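Structure first, commentary second.
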Amino acid sequence: MKKIKRLSHIKKPFFVLLSWLFMLAIIIPLISLSVIRSWQNYFDATANQIDTLSNGFNHDIKKHLAPLNNQFQQRLECNKELINKLQTSDYNAKNLTNFALVRNNKIICTAYMGSLPTPIPLQEPDWITQKGVRVVLNQDIPIFESQLTGRTVQKGAFLAFLDYQRGDSQTEFLWLKYRVYGLVNSKTAYSYGSEDFQLSDHTLHNSGQQWYELGYWLLKSCNNKPSNECKVIAIDIQQYFSSERNVTFILSMLLITVLMLTTIYSSRLHAWLYSLPRQVRTGLKDEQLQLHYQPIINMNDLSLSGCEVLCRWNNAEGNMLQPDQFIHIVEKNNQTRELTTLVVTKCIKELSFAKLLGKYQVAINAFPDDIASGHLARTLCRRLPVKYFNFFTIELTEKQITNFAALQEGVRQLRVLGFKVAIDDFGTGFSNLEGLRDLSVDTLKIDKSFVWGAETPSLKQSLVKHIVGIAKSLKLNIVAEGVETEQQLDLLRQLGIDFSQGYLHSRPLSISDYSNFVSAT
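Residue numbers for the sequence shown follow the working numbering, so the first one is 3 and each next one is one higher.
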């Protein structure tokens with residue numbers, strides 16, 4: 003028989019929590035990937051802006067700043083001609099402003115203020131480009147009778163200030179930062195950009211393109227030609243979600259919706275996985291199905307005649323279910339053959355191990371269709387030695403018979419082999435006098451619903467007497483089920499019933515307890 007794996011029961015809240023974690027493990031990377039892709043637009047725009055400014059500055063240096071050295075090689079005086087030329091260059095340049103003349107490492111005149119009463123000392127350059135351009139990031143520049151600090155570029159004797167607006171190191175968004183730096187002999191020669199964003203050693207030497215570091219999502223690109231210059235553009239993640247309220251709201255609602263849907267569908271999935279029909283279908287195996295043995299007592303001398311084998315199913319929740327709670331599902335699932343095979347196999351194995359096989363009668367319940375199809379007979383013949391056939395009684399449950407002729411033939415074959423056949427729970431199903439006669443059974447079992455209350459004069463007592471009369475007319479042995487009181491036992495003995503079964507004698511017992519019961523009798 004195919005054994006089906008048992009489902010380990012997971013409580014619904016924990017199952018929903020696991021579903022949340024599983025869904026979060028999927029949705030969070032997807033959301034993160036989507037957000038990072040949206041950030042790529044900001045990365046590209048900022049990188050293009052930096053490149054455009056850099057190209058613009060280089061163009062102005064080449065076209066407007068450097069040529070001044072050729073035009074005034076011998077005339078480096080702050081005269082009207084030079085100042086006019088500075089102003090002309092200032093006007094024509096798009097990215098440089100406030101052109102100035104430098105002498106003895108001091109600014110002596112500018113396009114805006116002309117000759118300075120007090121020359122402004124130049125600071126040491128932060129770096130010098132391969133083309134000899136000296137760059138200062140924080141140079142005091144006189145303008146409008148005050149001083150500003152800004153970035154300057156110097157070529158030869160002339161200097162210019164990077165345009166105040168276009169050279170602004172701040173981006174449009176507070177959460178968007180950048181730094182540009184140059185490497186000379188693997189060391190940082192210069193670095194400029196957002197003042198509140200500084201580069202770590204890891205960032206400087208990381209060869210990756212995108213990564214997370216210290217609350218930032220970073221993008222890095224380097225241009226090794228003509229100089230080793232790199233751009234690092236950063237998204238301050240916390241500040242991004244704090245500032246971009248619409249994005250945060252949409253993502254929050256998306257996450258809440260996903261979790262709500264996950265809760266709904268995981269609850270439905272849990273209900274389906276642990277529904278009784280599915281548990282029966284997927285959980286019918288040795289570890290869940292337990293057999294109990296209820297003694298059957300001979301009414302003549304109250305000696306042990308044998309036992310009835312009863313199924314108990316320990317489901318996924320750990321609850322012990324009675325046959326009437328799951329047998330109908332076994333039939334609906336078309337698993338009667340599996341259950342029959344399992345009960346027969348396990349019963350023979352347990353009785354053999356307890357050395358009780360062949361000592362007392364054993365009654366096994368069977369489905370009519372399994373008898374009619376011959377499945378039960380084949381199973382018994384394969385698993386039970388022939389010498390024990392006459393010790394087994396097959397109890398035919400009173401279910402709807404689909405093929406009475408086939409059932410009749412199945413009963414005949416069992417009796418020919420030496421098995422006894424009984425009608426179980428007589429009076430609750432299809433049984434009638436004609437059916438009993440045609441099936442040629444050996445024993446009739448009176449259902450407990452008739453026994454309970456029959457000890458007092460009542461309709462039930464009359465029905466029991468009538469059933470006993472039918473059985474005796476057909477010369478059948480009679481077993482009364484559900485006997486719980488001495489009064490019931492006395493009545494049944496008076497009526498001439500052959501065997502008694504019920505809690506008065508014993509509850510259904512495990513194989514070990516049944517073995518002890520046998521030893522005590």
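Even glycine gets a Cβ: it sits at the ideal position worked out from N, Cα and C.
Computed from a predicted model, the values in this text were never measured in an experiment.
In this structure, the CA atom of Arg153 is about 4 Å from the CA atom of Leu139.
For His330, no beta strand (DSSP E) segment is defined; the enclosing uninterrupted segment is the alpha helix (DSSP H) at 325-334. The continuous stretches of alpha helix (DSSP H) do not include Trp177, and DSSP gives it neither H nor E. Annotation: Leu323 to Pro459 spans about 34 Å, alpha carbon to alpha carbon.
Taking a contact to require three or more Cβ pairs closer than 8 Å, the stretch 388-398 and the stretch 458-474 do not qualify as touching. The C-beta of Cys383 has fewer than 16 other C-beta atoms within 10 Å across all chains shown, which makes the residue exposed.
In this structure, DSSP gives Asp427 an extended state, which the three-state scheme calls strand. Fewer than three pairs of CB atoms, one per stretch, sit closer than 8 Å, so the stretch 128-139 makes no contact with the stretch 105-119.
With fewer than 16 other beta carbons inside 10 angstroms of its own, Val186 counts as exposed. One thing to note: His294 has its Cβ within 8 Å of the Cβ of Leu312. In the structure shown, Leu491 falls within a helical segment according to DSSP collapsed to helix, strand and coil. Annotation for Gln212: Leu221 place their beta carbon closer than 6 Å to its own, counting only its chain and skipping 5 residues before and after. Membership of Asn248 in the alpha helix (DSSP H) is indicated by the continuous run 247-275. For Asp198, the three-state secondary structure derived from DSSP is coil.
Separation of the CB atoms of Gly412 and Ala365 is rounded to 17 Å, and the pair is thereby denied contact status at 8 Å.
Collapsing the DSSP output to three states places Trp315 in a strand. By the 16-neighbour rule on beta-carbons within 10 angstroms, Tyr194 is buried.
Ala113 carries a coil assignment under DSSP once its states are collapsed to helix, strand and coil. A Cβ-Cβ separation of about 6 Å places Val234 in contact with Thr205 under the 8 Å criterion. With distances taken between CA atoms, Thr112 lies nearest to Glu83 out of Glu83, Ile130, Trp177, Gln496.
When secondary structure is reduced to three states using DSSP, Cys349 falls in the helix class. Note that the stretch 22-37 touches the stretch 261-280; at least 3 beta-carbon pairs, one per stretch, sit closer than 8 Å. Within the same chain, and ignoring the five residues on either side of Phe328 in sequence, the residues whose Cβ sits closer than 6 Å to its Cβ are Val282, Trp315. Beta-bridge annotation (DSSP): Asn300 is paired with Phe501.
For the set Arg270, Tyr192, Phe428, the Cα lying nearest the Cα of Val18 is the one of Arg270. Annotation for Cys232: the continuous beta strand (DSSP E) segment containing it runs 231-238. Contact between Leu353 and Leu344 does not hold, since their C-beta atoms are separated by about 15 Å, which reaches or exceeds 8 Å. Taking a cut-off of 8 Å on C-beta distances, the stretch 505-520 touches the stretch 291-307, as three or more cross pairs fall below it.
Taking all protein chains shown into account, Met301 has 16 or more neighbouring C-beta atoms within 10 Å of its C-beta and is therefore buried. When only Cα atoms are considered, Val260 and Tyr44 end up about 28 Å apart.
In the DSSP assignment, His294 forms a beta bridge with Leu312. Boundaries of the beta strand (DSSP E) around Leu103: 98-105. According to the DSSP secondary-structure assignment, Thr395 is paired through a beta bridge with Ala365, Lys422.
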